[in-house]
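Quick note, the sequences are listed as chains A and B, same order.
Residue 245 is where the first sequence ends in this note's numbering, and the numbering goes up by one at each step.
Residue 115 is where the second sequence ends in this note's numbering, and the numbering goes up by one at each step.
Think of the CB as a built atom: it goes at the ideal place given N, C-alpha and C, for glycine as much as any other residue.
Input: a single structure, listed below in structure tokens.
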Amino acid sequence: SAVISQKPSRDICQRGTSLTIQCQVDSQVTMMFWYRQQPGQSLTLIATANQGSEATYESGFVIDKFPISRPNLTFSTLTVSNMSPEDSSIYLCSVAGPSGKGAGNEQFFGPGTRLTVL
Amino acid sequence: GQQLNQSPQSMFIQEGEDVSMNCTSSSIFNTWLWYKQDPGEGPVLLIALYKAGELTSNGRLTAQFGITRKDSFLNISASIPSDVGIYFCAGHLRAGNNRKLIWGLGTSLAVNP
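In structure tokens form, the structure reads like this:
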């Protein structure tokens with residue numbers, strides 16, 4: 128599976144500021160995703176990061192709040208804009224790729240970015 | 003959004019015991035995935051299932067893709083302390099999934115040494 132890194136690993140931010148999270152993959156991948164995981168909860172998909180075009184956002188998430196870049200097949204960024212304490216979560220990037228069988232539907236995850244907003 | 007019904011929500015067992023957890027859905031899935039998440043880490047893929055009835059093992063872990071395509075279970079045999087964590091099921095719907103995963107709410111496993 129691909130090796131995925133995220134920066135920063137954690138941050139504490141002030142209300143009203145913005146934070147950009149980076150996701151780097153060690154190989155070219157077609158699909159990259161951004162998730163949010165609130166404390167003690169499951170994963171919620173924010174958007175699919177599309178290379179060369181605008182990201183596809185899930186219901187409840189908008190580009191103004193969570194702008195995403197995907198300049199190439201190995202890198203993506205997620206910005207959490209105008210933060211409030213409700214944005215305190217773990218943010219995870221994932222990539223879709225084959226594990227040796229099937230249609231490449233498996234997703235592999237980065238270590239996550241733990242964000243606390245004061 | 004749509005979610006999978008995952009049970010149990012939490013388990014507290016003795017080291018050496020076997021563990022079973024499952025996920026069910028009212029919709030047909032064409033892929034079932036089982037992940038484990040340790041504190042402060044991202045989920046790690048344990049087992050991927052692609053065919054109805056498929057039974058796959060990974061060490062002490064065994065998972066099955068239900069014959070109806072609407073459920074899956076994960077068994078852990080002879081549990082050890084490092085099995086502690088949160089286990090998530092996830093799957094792709096049969097049609098138009100666009101590789102979007104549907105997630106269970108997780109099973110939190112605690113192992114008493």
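Through-space distance from residue j to residue i, alpha-carbon basis
{"i": "Leu63/B", "j": "Ser22/B", "result": "10 angstroms"}
{"i": "Ile190/A", "j": "Gln11/B", "result": "33 angstroms"}
{"i": "Gln155/A", "j": "Gln16/B", "result": "43 angstroms"}
{"i": "Ser27/B", "j": "Ile49/B", "result": "18 angstroms"}
{"i": "Pro238/A", "j": "Ile131/A", "result": "8 angstroms"}
{"i": "Ile30/B", "j": "Asp20/B", "result": "28 angstroms"}
{"i": "Phe160/A", "j": "Lys192/A", "result": "16 angstroms"}
{"i": "Phe75/B", "j": "Pro115/B", "result": "24 angstroms"}
{"i": "Ile95/A", "j": "Asn32/B", "result": "Examination of residue 95/A is not possible in this model, given that chain A is present from 128 through 245 alone."}
{"i": "Thr157/A", "j": "Gly18/B", "result": "41 angstroms"}
{"i": "Ser79/B", "j": "Gly61/B", "result": "9 angstroms"}
{"i": "Gln168/A", "j": "Gly179/A", "result": "32 angstroms"}
{"i": "Gln234/A", "j": "Tyr89/B", "result": "15 angstroms"}
{"i": "Glu181/A", "j": "Ser81/B", "result": "45 angstroms"}
{"i": "Ile195/A", "j": "Ala174/A", "result": "8 angstroms"}
{"i": "Gln66/B", "j": "Gln141/A", "result": "46 angstroms"}
{"i": "Ser136/A", "j": "Gly42/B", "result": "9 angstroms"}
{"i": "Ser59/B", "j": "Leu245/A", "result": "44 angstroms"}
{"i": "Val113/B", "j": "Met13/B", "result": "8 angstroms"}
{"i": "Pro166/A", "j": "Gly44/B", "result": "13 angstroms"}
{"i": "Leu47/B", "j": "Asn199/A", "result": "25 angstroms"}
{"i": "Trp34/B", "j": "Lys102/B", "result": "12 angstroms"}
{"i": "Pro212/A", "j": "Ser128/A", "result": "34 angstroms"}
Per-residue contacts from residue i into chain A (C-beta, under 9 angstroms)
{"i": "Lys102/B", "result": "Phe160, Leu172, Thr175 and Glu185"}
{"i": "Glu43/B", "result": "Phe236, Pro238 and Gly239"}
Contacts around residue i, its chain only, beta-carbon distance under 6 angstroms, and the 5 residues preceding and following it disregarded
{"i": "Phe236/A", "result": "Leu219 and Ser221"}
{"i": "Ile217/A", "result": "Gln164, Gly239 and Arg241"}
{"i": "Asn77/B", "result": "Ser22 and Thr64"}
Cβ distance (whole Å) where residue i is taken to contact residue j below 8 angstroms
{"i": "Asn177/A", "j": "Arg163/A", "result": "Asn177/A to Arg163/A, Cβ: 19 angstroms. No contact."}
{"i": "Thr183/A", "j": "Val152/A", "result": "Contact flag wrong, Cβ pair sits at about 19 angstroms."}
{"i": "Leu242/A", "j": "Ser203/A", "result": "At roughly 17 angstroms, the Cβ-Cβ gap does not stay under 8 angstroms, so Leu242/A and Ser203/A are not in contact."}
Spatial neighbours of residue i in its chain, beta-carbon cut-off 7 angstroms, leaving aside the 5 residues before and after
{"i": "Ile104/B", "result": "Gln4, Gln5, Leu6, Ala92, Gly93 and Leu95"}
{"i": "Leu172/A", "result": "Phe160, Tyr162 and Glu185"}
{"i": "Gln133/A", "result": "Ile148, Gln149, Cys150, Cys220, Gly237, Pro238, Gly239 and Thr240"}
{"i": "Phe188/A", "result": "Ile173 and Ala174"}
{"i": "Gly227/A", "result": "With a pLDDT of only 40 at Gly227/A, under the threshold of 50, the placement of this residue in the model should not be trusted; the figure read from the coordinates follows. Excluding sequence neighbours, Gly227/A sits near nothing in its chain."}
Proximal residues of chain B, C-beta to C-beta of residue i below 8 angstroms
{"i": "Ser169/A", "result": "Gln5, Phe90, Trp105, Gly106, Leu107 and Gly108"}
{"i": "Phe188/A", "result": "Ordered by position in chain B, no residue passes the 8 angstroms Cβ test against Phe188/A, which lies about 11 angstroms from the chain."}
Chain-order list of residues whose beta-carbon lies under 8 angstroms from that of residue i (same chain, five-residue window excluded)
{"i": "Gly229/A", "result": "Note that Gly229/A has pLDDT 45, beneath the 50 cutoff, so the model's placement of it is unreliable and the number below is only indicative. Nothing listed; no residue qualifies."}
{"i": "Leu170/A", "result": "Tyr162, Arg163, Gln164 and Leu219"}
{"i": "Ile69/B", "result": "Ala54 and Gly55"}
{"i": "Asp73/B", "result": "Asn24, Cys25, Thr26 and Ser27"}
{"i": "Arg71/B", "result": "Ile30, Phe31, Asn32, Ala54 and Arg96"}
Chain-ordered chain B contacts of residue i [CB-CB under 7 angstroms]
{"i": "Gly179/A", "result": "Ordered by position in chain B, no residue passes the 7 angstroms Cβ test against Gly179/A, which lies about 17 angstroms from the chain."}
{"i": "Glu233/A", "result": "Leu35, Leu47 and Ala50"}
Beta-carbon neighbours of residue i, restricted to chain B and to distances below 9 angstroms
{"i": "Pro166/A", "result": "Neighbours of Pro166/A on chain B: none; closest Cβ ~11 angstroms, over 9 angstroms."}
{"i": "Thr219/A", "result": "Correcting the residue type first, residue 219/A is Leu in the shown sequence and not Thr. Gly44 and Pro45, listed in chain order."}
Contacts of residue i in chain A (Cβ-Cβ under 8 angstroms)
{"i": "Thr70/B", "result": "In chain order: nothing, as chain A lies at least about 19 angstroms away."}
Problem set entry | Touching by the beta-carbon criterion (3+ pairs, under 8 angstroms), the segment 193-210 of chain A and the segment 132-149 of chain A | yes
Problem set entry | Touch test, the segment 49-57 of chain B against the segment 107-115 of chain B, Cβ-Cβ under 8 angstroms, three pairs minimum | no
Exercise. Does the pairing of the segment 75-94 of chain B with the segment 30-41 of chain B give three or more beta-carbon distances under 8 angstroms?
Worked result: yes
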